[in-house]
Structures are given as structure tokens and as C-alpha cells.
Amino acid sequence: MEELRTWLPEEIKELRVLGRTAKKHPLPLFWTGSGFECNYDGTELWCEFETDYSYYEQWIAVYVNGAFLSRQMLNKGKQKVCLYRNMATRKVNHVKVIKEVQAMSEDPDTYLVIHGLCGDGEFYPLPEPDCRIEFIGDSITSGEGSYGSTVEQDWISMWFSASRTYPYLVAERFGAEYRVLSQSGFGVYCAYDNNPDRTIPRYYEQVCGTLTGEHNRLLGAKELHDFSSWQPDYIVINLGTNDGGAFHNPEWIDADTGRKNKMEYDKNGQPMKESLDKVQTAVTEFLSLVRKNNPKAHILWAYGMMGTLVEPAITEGIREFCTASGDTKVHYIRLEEIENDGIGARSHPGEKGHRQAAEVLGNYIETLQRQEKE
Numbered sequence: 001m002e003e004l005r006t007w008l009p010e011e012i013k014e015l016r017v018l019g020r021t022a023k024k025h026p027l028p029l030f031w032t033g034s035g036f037e038c039n040y041d042g043t044e045l046w047c048e049f050e051t052d053y054s055y056y057e058q059w060i061a062v063y064v065n066g067a068f069l070s071r072q073m074l075n076k077g078k079q080k081v082c083l084y085r086n087m088a089t090r091k092v093n094h095v096k097v098i099k100e101v102q103a104m105s106e107d108p109d110t111y112l113v114i115h116g117l118c119g120d121g122e123f124y125p126l127p128e129p130d131c132r133i134e135f136i137g138d139s140i141t142s143g144e145g146s147y148g149s150t151v152e153q154d155w156i157s158m159w160f161s162a163s164r165t166y167p168y169l170v171a172e173r174f175g176a177e178y179r180v181l182s183q184s185g186f187g188v189y190c191a192y193d194n195n196p197d198r199t200i201p202r203y204y205e206q207v208c209g210t211l212t213g214e215h216n217r218l219l220g221a222k223e224l225h226d227f228s229s230w231q232p233d234y235i236v237i238n239l240g241t242n243d244g245g246a247f248h249n250p251e252w253i254d255a256d257t258g259r260k261n262k263m264e265y266d267k268n269g270q271p272m273k274e275s276l277d278k279v280q281t282a283v284t285e286f287l288s289l290v291r292k293n294n295p296k297a298h299i300l301w302a303y304g305m306m307g308t309l310v311e312p313a314i315t316e317g318i319r320e321f322c323t324a325s326g327d328t329k330v331h332y333i334r335l336e337e338i339e340n341d342g343i344g345a346r347s348h349p350g351e352k353g354h355r356q357a358a359e360v361l362g363n364y365i366e367t368l369q370r371q372e373k374e
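Reading the sequence shown from the start, the letters are residues 1 to 374 in my numbering.
Written as C-alpha cells, this is what we have:
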């Protein structure tokens, strides 16, 4: 048996790092679905992770030659995890490791980094992906509830899974390299609790600005993202669910400044125009921000898996942006609301719900690809 060798991630030129990250050592994994993939011919392959947390532990999923192999929680501290072993000598295998859990902004102590890979083989170049897709969203896109029974209501890492979500399924369908920027509770104008500071647009230009804690800052989470380093062909935005949920929740008050915010119904029980206008403006402004940084991508705004309360504001915001800019590559897609066996844990989409959404999005992207070839 050959002696095992250790590589730093930056030493492996054939390694494809997945997800937004910073050029640091050890290699930080911030967002859900981040990780790496490689072609490798050793009989075994190990990865040395390091992680910490106070409340929300990290989980990873491992794929070998396109097949789901394992899913596991990582313990605190440094540890070597066997990705596979006892494979045939000099058989080239495709290995993919992805972070299952979203960026846990509620736990400033949580982080996940890779120190190195260890094995007895060699790495080989990966083919270029057929396309690149960026997914932007909230808990739905983070895969909250995609594992677990419908009776589960605890907000814990175990019920999150990047490997069961519509982003993963759409990317697999198109042979795409994909990235996810998603955060439970966040909206386009405000969060589910009416907090207007907990929105994805606020952090879109940072590597992973939603994370808190000094360790994450040192790892580069708050740095500005270099958009020129990775340009998507398609961007799928699934925001608005939490903006709609805010109508049902109490007024938000900043404890330090006294600033207030509340999405409100009128006397007839319908969303007030003033509240919908805030969402509409936020949609238009976010599309401008996304387009500024991604000049050539098709932008697909998908919405509806957990209700359609603010749909008029989203569609009007899109119309306003396209009219003002002349942009013809922004699209709206109504997704089917999940129900019955499409529901997973925490009343969120389960595996079937994500598959339904992936089918609709995949068909739409396929149509766009066909039109571009004509």
C-alpha cells in the first residue's frame, strides 16, 4: 500500500472550490452548498476539517461518481474524515463534498474550514461546467426542513440540507457549477420579524456578510466579493416569502435607536399599498444591484413555494426595472405552493417539494437555452 500524502487545498490546481469564499488558509466554507470537487485516482481520500460552534453544528454530504455516499455531522476541532477508501487502484473517481448547513448568523462561534486533503493518488483536471448558476434566497433555498419528519419544529442544523434542494437538483440537471447565497428569515425588503436590516441585498456584495463573529471576519466573510472571478449564466432569486411573513408578525423596534418597522394590512385584511410599495422598490433596487455585478446573466425571480402574498409587489418591481433599464433578460416564474407530501420539517418544502420546483425552473432554463441557440 502506498504511503498517504497530504496536500493543502491551494496546492491542488485541479481542485474546484465550490461557493463564494476568500483566498485564505485554511480554506473557509461559508454558504450552504459550498465545498469542493475533484477527479482523483487514489484508493482512498481523506479531508481534514476544522469547525467550531456554540449552538449550530456543521454537516457535510459526500458524493462519489455522482452518487450520494454519506451525510454526517462534524465534531468540534480538527478531524480527518474519510471520504472513501478501498477503491480500485488508479481508477479515476469524481468526488464532491458540500456543506449542508447555511451560514448560521445566529451563532458567532460557528465556522468550517478545510486544512488539507490526504490520500495515495493523484488529481486530474475537471471538465469545464456546462454553465454556472447562482441561487439567491432564504430558508427555502437553504434547504431548511428538507430533512426530517413533518412533525419536527426545532430550528436546528440537522434539518438543513443543501443536497436535497432545488439548487442542487437544477445544477445537476444542467451539469452546472452553482453557488448559493441564502439565509433563513431574510427578505428582499425585510425579514420575517419586520427587521429591515436582515435582507440579502444588504450583504450581496460581500463574500458572506450575513455571518457574525470575529473569527468569520478574519476568515474573510466581510470582504468585498470579486464578481469578475465567477460570472453566472443564470441567477435564480427566490425572495419575498419572509417579506410576506412579516405581515403576520409584531412590529420590529431597534433596541438601540428606537427605529421601527411593520408590514401592515388595511382594514379589509389586505396588504397595505404602502407596505407593498416598500417591497416593490426593494425588488427594483436589488435587480439593479444584481445586474450591475452580473451584466450578462439571465435573472429569474422565482416565488410561491410558501405563499404568494407579495407577488404583485415583486412583479411590479420587475416590470419597473425592465421598463427603466430596457433589460430583456429578467423573468418571473410562479412556483407551485407546497402541500401534502411536498411538505417537510418545519412546514418547509421537503424533498418532493424541492423536486417540483426544480422541474419548473429546469424547464424554464431549458427553454431559454433553446431560444438562445435558435
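Heads up, the beta-carbon is just placed ideally off N, CA and C, and yes, glycines get one too. Owing to the predicted nature of the structure, the values given are computational and were not obtained by experimental measurement.
Could you give the distance in angstroms between the alpha-carbon of residue i and the alpha-carbon of residue j?
{"i": "Ile156", "j": "Ile140", "result": "15 angstroms"}
{"i": "Val64", "j": "Leu45", "result": "11 angstroms"}
{"i": "Lys260", "j": "Ser275", "result": "13 angstroms"}
{"i": "Lys99", "j": "Asp266", "result": "43 angstroms"}
{"i": "Thr367", "j": "Gln231", "result": "21 angstroms"}
{"i": "Thr284", "j": "Lys78", "result": "44 angstroms"}
{"i": "Ile133", "j": "Leu181", "result": "11 angstroms"}
{"i": "Val97", "j": "Asn39", "result": "12 angstroms"}
{"i": "Pro108", "j": "Asp52", "result": "10 angstroms"}
{"i": "Pro196", "j": "Cys190", "result": "4 angstroms"}
{"i": "Arg18", "j": "Tyr178", "result": "For the sequence presented, residue 18 should be read as Leu rather than Arg. Their backbone Cα atoms lie some 7 angstroms apart in a straight line."}
{"i": "Ala302", "j": "Val330", "result": "11 angstroms"}
{"i": "Thr21", "j": "Phe227", "result": "12 angstroms"}
{"i": "Val279", "j": "Glu251", "result": "16 angstroms"}
{"i": "Pro9", "j": "Phe160", "result": "26 angstroms"}
{"i": "Gln369", "j": "Gly220", "result": "35 angstroms"}
{"i": "Gly304", "j": "Phe174", "result": "23 angstroms"}
{"i": "Phe247", "j": "Met272", "result": "10 angstroms"}
{"i": "Thr165", "j": "Arg291", "result": "25 angstroms"}
{"i": "Cys131", "j": "Ala176", "result": "5 angstroms"}
Measuring CA to CA, which of the options is closest to residue i?
{"i": "Pro26", "options": "Thr284, Arg334, Leu112 and Phe135", "result": "Leu112"}
{"i": "Lys296", "options": "Leu239, Asp233 and Leu218", "result": "Asp233"}
{"i": "Lys76", "options": "Lys91, Arg20, Glu48 and Ala88", "result": "Glu48"}
{"i": "Ser347", "options": "Gln153, Glu285 and Lys222", "result": "Gln153"}
{"i": "Ala61", "options": "Tyr55, Glu106, Asp120 and Met158", "result": "Met158"}
{"i": "Glu311", "options": "Asn294, Lys329, Ser288 and Leu335", "result": "Leu335"}
{"i": "Gly66", "options": "Ala191, Thr308 and Val95", "result": "Val95"}
{"i": "Glu144", "options": "Ile343, Glu372, Glu359 and Ala246", "result": "Ile343"}
{"i": "Gly137", "options": "Asp130, Glu122 and Thr32", "result": "Thr32"}
{"i": "Met104", "options": "Leu361, Gly213, Gly244 and Ile253", "result": "Gly213"}
{"i": "Pro125", "options": "Cys322, Glu14, Gly119 and Glu372", "result": "Glu14"}
{"i": "Thr43", "options": "Glu172, Pro167 and Arg90", "result": "Arg90"}
{"i": "Leu117", "options": "Asp254, Arg164 and Gly35", "result": "Gly35"}
{"i": "Thr6", "options": "Gly121, Tyr147, Trp252 and Ile299", "result": "Gly121"}
From which residue to which residue does the alpha helix (DSSP H) around residue i run?
{"i": "Ser54", "result": "No alpha helix (DSSP H) contains Ser54, which DSSP labels as neither H nor E."}
{"i": "Ala357", "result": "Glu351 to Lys373"}
{"i": "Ala282", "result": "Lys273 to Asn293"}
For residue i, write down the residues that DSSP places opposite it in a beta bridge.
{"i": "Phe321", "result": "Answer is none; Phe321 lacks a bridge partner."}
{"i": "Ile299", "result": "Ile235 and Val330"}
{"i": "Ala345", "result": "None; Ala345 has no bridge partner."}
{"i": "Tyr265", "result": "Pro271"}
{"i": "Trp31", "result": "Answer is none; Trp31 lacks a bridge partner."}
{"i": "Leu335", "result": "DSSP lists no partner for Leu335."}
{"i": "Ile383", "result": "Only positions 1 to 374 of the chain appear in the structure, and residue 383 is not among them; the question remains open."}
{"i": "Met305", "result": "Gly307"}
{"i": "Gly187", "result": "Thr199"}
Got a sec, what are the start and stop residues for the beta strand (DSSP E) residue i sits in?
{"i": "Arg16", "result": "Arg16 to Leu18"}
{"i": "Asn39", "result": "Gly35 to Tyr40"}
{"i": "Lys13", "result": "Per DSSP, Lys13 belongs to no beta strand (DSSP E) and is neither H nor E."}
{"i": "Met73", "result": "Ala67 to Met73"}
{"i": "Lys99", "result": "Asn93 to Lys99"}
{"i": "Cys82", "result": "Gly77 to Tyr84"}
{"i": "Trp59", "result": "Trp59 to Val64"}
{"i": "Ser182", "result": "Ala176 to Ser182"}
field: 3 or more residues per run - each beta strand (DSSP E) lying fully within the region 107 to 170
entry: 111 to 119 and 131 to 137
- prompt: Can you list, in chain order, the stretches of the alpha helix (DSSP H) that have 4 or more residues and sit fully within the region 200 to 244?
  reply: 200 to 203 and 214 to 218
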